[in-house]
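K.L.:
Position one of the sequence shown corresponds to residue 39 (our numbering), numbered consecutively onward. Glycine is no exception: its CB is placed at the ideal position from the N, C-alpha and C atoms. The structure under discussion is supplied below as structure tokens; questions concerning it will follow.
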Amino acid sequence: MPPQKNSGAKASKRVSGVESKNARFIQAYLDDIRRKQSTENVYIARIIARLGDGRMDAFYLDEENRPQTAQVVIRGSFRSKGKRSVWIEVGSIVIIASSGIPGSAEFGIMAILSQEDLNALKREITLDPRILDTASVDKNVLKSDVITPDGGFEFDTVEEELDIDDI
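See below:
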């Protein structure tokens, strides 16, 4: 038998179909933003909880910049074999779209943003810091309009003036 010259790892060098579809969707979304075309019913969201049965809980901002949480369905290509190349965890930044069907199947995950995609998106639009903050997963904290960088505590920063003569 002749020696194997290509080390036998041909499949590992290929890009999966799910990964390339994900990249194409993100690129098309960025092109729509650059051309100022309509991106209604498409939102940038953060996964805050796993619900089981192919569903997740996501936090996003609607058209009026009001904070919302919704159940989102994981698209079929992100489930079985496709989940190896694009993994969705709590804290992942995703693109969700409204399907127009009311109820639990109203939103679906269209793409998962990698760090490079997120950096490209930040150059085009400004993202709410609550979407980028992966530490907070409480719905009530996320839906509040007050953003506190100190982990939920607000401290008074007023300093009292000391009179040296009274000492």
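Opposite E95 in the DSSP bridges: which residues?
P.N.:
On the sequence shown, position 57 is the one that residue 95 refers to. Note that residue 95 is Asp in the sequence shown here, rather than Glu. Answer is A87, Q109, bridged to D95.
K.L.:
Taking only the alpha-carbon atoms, compute the straight-line gap between I169 and E198 and give it to the nearest angstrom.
P.N.:
Position 131 of the sequence shown, counted from the start, is the residue given in the question as residue 169. Position 160 of the sequence shown, counted from the start, is the residue given in the question as residue 198. Taking the straight line joining both Cα atoms gives about 37 Å.
K.L.:
Any C-beta of chain D sitting closer than 8 Å to the C-beta of Q65?
P.N.:
Protein chain content of the structure displayed is limited to a single chain, and chain D is not contained in it.
K.L.:
Comparing alpha-carbon positions, which option in Y67, D70, D176, K181 lies nearest G129?
P.N.:
Numbered from 1 along the sequence shown, position 91 holds the residue referred to as residue 129. Nearest of Y67, D70, D176, K181 to G129, Cα basis: D176.
K.L.:
Nearest to S76 by alpha carbon, out of A66, I85, V124?
P.N.:
The residue given as residue 76 occupies position 38 in the sequence shown. Nearest C-alpha to S76: A66.
K.L.:
If contacts are defined as beta-carbon pairs under 8 Å, then I131 and R84 qualify, I think. What distance do you get, rounded to the angstrom?
P.N.:
Here residue 131 refers to the residue found at position 93 when the sequence shown is read from its first residue. Here residue 84 refers to the residue found at position 46 when the sequence shown is read from its first residue. Taking 8 Å as the upper bound for CB-CB distance, I131 and R84 are in contact here, some 6 Å apart.
K.L.:
Look up A149 in the DSSP assignment and say whether it is helix, strand or coil.
P.N.:
As a first step, residue 149 is located in the sequence shown; it is residue number 111 there, counting from the start. A149: strand per DSSP, three-state reduction.
K.L.:
Which residue or residues does DSSP assign as beta-bridge partners of Y81?
P.N.:
Working through the sequence shown from its first residue, we reach residue 81 at position 43. According to DSSP, Y81 bridges with I134.
K.L.:
How big is the Cα-Cα spacing for I140 and Q109?
P.N.:
Here residue 140 corresponds to residue number 102 of the sequence shown, with the count starting at 1. Here residue 109 corresponds to residue number 71 of the sequence shown, with the count starting at 1. With the sequence shown as reference, residue 140 is identified as Pro, and Ile is not the correct amino acid for it. Cα-Cα distance, rounded: 11 Å.
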